[in-house]
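Enquirer:
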Amino acid sequence: MSSTPRTFAAVDLGASSGRVMLGSVGPGTLRLTEVHRFPNRPVRVGGTLHWDVLALYRGVLDGLREAGRAAGGRLDGVGVDSWAVDYGLLDATGALLGNPVHYRDPRTEGAAEKVHAVIPPEDLYAATGLQHLPFNTVLQLTAARGTPQLAAAEDLLLIPDLVSYWLTGLKGTEITNASTTQLVDPRTRDWSGEVARRTGIDLSLFPPLRSPGDAAGTLLPEVLADTGLTGPVPVTAVGSHDTASAVAGVPAAGVDFAYIATGTWSLVGLELDEPVLTEASRRANFTNELGVDGTVRYLRNVMGLWLLQECMRTWADQGDPQELGPLLAEAAQLPPLRFVVDAGDPAFIAPGDMPRRIADACAATRQPVPRTPAEFTRCVLDSLALAHRETVARARALSGRRVEVVHVVGGGARNALLCQLTADACGLPVVAGPAEAAALGNVLVQARAAGALSGSLSDLRALLRSTQELDHYTARPDGAAWAAAAERLGLGG
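Using our numbering, you'd call the opening residue of the sequence shown number 2 and step up by one each time.
1. What residue range does the beta strand (DSSP E) around residue 463 cover?
2. Which residue spans inside the region 288-335 form an unbroken beta strand (DSSP E) run of at least 3?
3. If you reduce the DSSP assignment to three classes, tell me which class residue 117 lands in.
4. Find out if the Cβ-Cβ distance for the pair residue 439, residue 420 is shorter than 9 Å.
5. If distances are taken between C-alpha atoms only, which option among 417, 461, 198 comes closest to residue 30?
6. Taking its Cβ as the centre, do 16 or more other Cβ atoms sit within 10 Å of residue 176, making it buried, or is it exposed?
7. Do residue 144 and residue 109 count as a contact pair if the criterion is CB distance below 9 Å?
8. Do you know offhand how far residue 263's Cα is from residue 389's?
9. Are the beta-carbon atoms belonging to residue 50 and residue 117 less than 9 Å from one another?
10. I'd like to check one pair, residue 458 with residue 236: are the Cβ atoms closer than 9 Å?
11. Is it the case that the Cβ atoms of residue 332 and residue 418 are separated by a distance below 9 Å?
12. Measure the C-alpha to C-alpha separation of residue 211 and residue 192 and round it to an integer number of angstroms.
13. Along the alpha helix (DSSP H) that carries residue 69, what are the first and last residues, could you check?
14. What is the residue span of the beta strand (DSSP E) that residue 45 lies within?
15. Quick one: what does DSSP say residue 5 is sitting in, helix, strand or coil?
16. Residue 325 to residue 364, Cα distance in whole Å?
17. So residue 98 is in the beta strand (DSSP E); what residue range does that whole segment cover?
18. Compare the C-beta of residue 189 against all C-beta atoms of chain D and say whether one is closer than 9 Å.
19. Rounding to the nearest angstrom, what Cα-Cα distance links residue 75 and residue 220 in this structure?
20. With H, G and I counted as helix, E and B as strand and the rest as coil, what does DSSP make of residue 33?
21. Rounded to the nearest angstrom, how far is the Cβ of residue 241 from that of residue 83, given a contact under 8 Å?
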């Protein structure tokens with residue numbers, strides 16, 4: 002293990018933007034810098050919503066060029082993570098068969114009924130441990146059955162594997178993202194032949210599985226020429242599902258912790274050694290996705306800061322724009338739990354007049370109705386903290402795992418009021434940060450594979466604790482008030 006810091010590029014692709022982060026890693030050191038950010042704009046063509054994946058790839062190349070400039074022309078590695086479930090199809094020559102379809106495209110309408118007709122939801126969950134989402138890959142492939150593209154396909158590559166293939170010329174299927182397809186058995190960490198057989202999906206479309214830390218090739222000569230990098234530059238499989246990298250980037254000590262990866266959504270869960278495949282778990286809509294180093298990410302999707310983002314957009318559209326900092330400061334001075342809503346209500350999912358929907362929900366549950374932006378903000382944050390409380394409690398009960406601390410990572414880690422309210426609601430200490438957990442997890446897996454770091458996931462997390470700025474929140478003793486608020490909404494936990 003060298004004492005000289007080494008540099009790794011983390012390609013982190015999100016649903017609205019992509020970025021390339023440069024990580025500098027050595028014994029006792031870990032620094033992260035954003036070198037390039039670029040938009041991810043879906044395109045609707047012929048009535049179908051597509052990802053503009055070639056524009057994304059251009060952004061990746063531009064980012065690698067900037068990373069090389071910042072690192073003196075040489076990188077010690079590249080890793081790619083992205084959102085889940087979507088894929089590109091390749092023909093026998095390796096050419097892309099059309100732009101990948103966006104998971105929000107309505108082509109999967111009716112696909113669940115077709116799948117459940119051949120494998121009931123209970124059997125599907127017992128086999129794969131994955132929560133039902135209307136855009137899971139198994140449903141997308143069912144919807145695509147009979148199309149010319151699928152008929153002509155030689156290979157199917159999930160989005161981060163597709164980018165990796167273009168960078169290296171080598172194909173593979175990284176396991177953490179593969180586990181979101183609803184075609185993987187989380188116990189064996191291999192494809193479920195039973196699910197594939199019953200749904201009629203050809204598993205030979207998927208290249209061989211690989212795990213975080215496995216070699217994924219080296220940058221092609223054409224990529225080196227385009228980016229100005231000096232080769233060879235290895236590409237390493239990381240936790241290519243961005244949540245897998247984010248959980249690897251949780252600075253936990255020990256195993257008795259819950260994590261909340263916050264942003265537009267909050268992904269709330271536990272890190273386990275084995276999946277929870279019970280019927281109670283399925284009914285609670287928990288999912289078992291695979292993580293780094295043989296772990297299982299046992300989690301549930303919870304509505305996140307989308308509620309506040311949509312409120313702020315609505316106020317701006319109505320000619321009353323708000324600044325987030327002063328709004329949070331004013332909200333912090335308001336009495337707690339005066340009005341709360343069920344953040345999981347489907348009424349809050351679509352874009353639109355979120356303040357009106359929140360007011361209607363409060364009125365429907367015979368509560369006071371927020372009037373000012375600060376009151377709406379306090380309502381949203383109290384409601385999100387209440388959802389965090391209920392989800393952590395359900396995860397504990399369903400898994401039997403103790404939870405002694407909650408780690409908040411992602412953009413919401415910067416929201417001090419949300420973190421304090423989450424501590425209060427859960428009755429547990431909260432450690433907030435790092436906000437860039439996904440990119441850090443990506444870099445850490447690369448660095449260990451390259452020999453710049455060594456040890457277990459616990460050792461990597463110890464480096465995070467010693468190098469990253471973290472904020473600590475202690476629960477205030479008002480658990481009865483949170484329980485009463487949950488009771489008002491008929492929530493468990």
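Think of the CB as a built atom: it goes at the ideal place given N, C-alpha and C, for glycine as much as any other residue.
Expert: Let's see:
1. The count along the sequence shown starts at 1 and reaches residue 463 at position 462. Per DSSP, residue 463 belongs to no beta strand (DSSP E); it is in the alpha helix (DSSP H), 458-468.
2. Complete beta strand (DSSP E) runs here, min 3: 288-291, 297-304.
3. Taking the sequence shown and counting its residues from 1, the one referred to as residue 117 is at position 116. Correct three-state label for residue 117: helix.
4. Along the sequence shown, one-based indexing puts residue 439 at 438. Along the sequence shown, one-based indexing puts residue 420 at 419. Result no, Cβ atoms of residue 439 and residue 420 do not sit closer than 9 Å.
5. As a position in the sequence shown, residue 30 is number 29, starting the count at 1. With distances taken between Cα atoms, residue 30 lies closest to 461.
6. What you label residue 176 is simply residue 175 of the sequence shown in a count that begins at 1. Counting C-beta atoms within 10 angstroms of its own C-beta, residue 176 has 16 or more neighbours from the protein chains shown and is therefore classed as buried.
7. Within the sequence shown, residue 109 is the residue found at index 108, counting from 1. Within the sequence shown, residue 144 is the residue found at index 143, counting from 1. With respect to the 9 Å criterion, residue 109 and residue 144 are classified as neighbours on the basis of their beta carbons.
8. Taking the sequence shown and counting its residues from 1, one reaches residue 263 at position 262. Taking the sequence shown and counting its residues from 1, one reaches residue 389 at position 388. Whole-angstrom Cα-Cα distance: 11 Å.
9. Along the sequence shown, read from residue 1 onward, the residue named residue 50 stands at position 49. Along the sequence shown, read from residue 1 onward, the residue named residue 117 stands at position 116. Going by C-beta atoms, residue 50 is not nearer than 9 Å to residue 117.
10. Locating residue 236 in the sequence shown gives position 235, where the first residue counts as 1. Locating residue 458 in the sequence shown gives position 457, where the first residue counts as 1. The answer is no: Cβ separation not under 9 Å.
11. Here residue 332 refers to the residue found at position 331 of the sequence shown. Here residue 418 refers to the residue found at position 417 of the sequence shown. Yes, Cβ-Cβ distance for residue 332 and residue 418 is below 9 Å.
12. What you label residue 211 is simply residue 210 of the sequence shown in a count that begins at 1. What you label residue 192 is simply residue 191 of the sequence shown in a count that begins at 1. Near 12 Å, if we compare the C-alpha coordinates of residue 192 and residue 211.
13. To locate residue 69, count along the sequence shown from 1; it is residue 68. For residue 69, the enclosing alpha helix (DSSP H) stretches over residues 54-71.
14. Numbered from its first residue, the sequence shown carries residue 45 at position 44. Counted as a single uninterrupted DSSP element, the beta strand (DSSP E) harbouring residue 45 occupies residues 44-46.
15. The residue given as residue 5 occupies position 4 in the sequence shown. The three-state reading of DSSP puts residue 5 in coil, since its state is none of H, G, I, E or B.
16. By one-based count along the sequence shown, residue 325 stands at place 324. By one-based count along the sequence shown, residue 364 stands at place 363. The C-alpha of residue 325 lies about 26 Å from the C-alpha of residue 364.
17. Walking along the sequence shown from the start, residue 98 turns up at place 97. Element bounds for residue 98: n/a, residue is neither H nor E.
18. Structure shown: chain D not included; a single protein chain is present.
19. Here residue 75 is taken as the residue at index 74 of the sequence shown, counted from 1. Here residue 220 is taken as the residue at index 219 of the sequence shown, counted from 1. Approximately 12 Å between the Cα atoms of the pair.
20. By 1-based counting over the sequence shown, the position of residue 33 is 32. Annotated three-state conformation of residue 33 is strand, per DSSP.
21. Walking along the sequence shown from the start, residue 241 turns up at place 240. Walking along the sequence shown from the start, residue 83 turns up at place 82. Cβ atoms of residue 241 and residue 83 come within 8 Å of each other, at about 7 Å.
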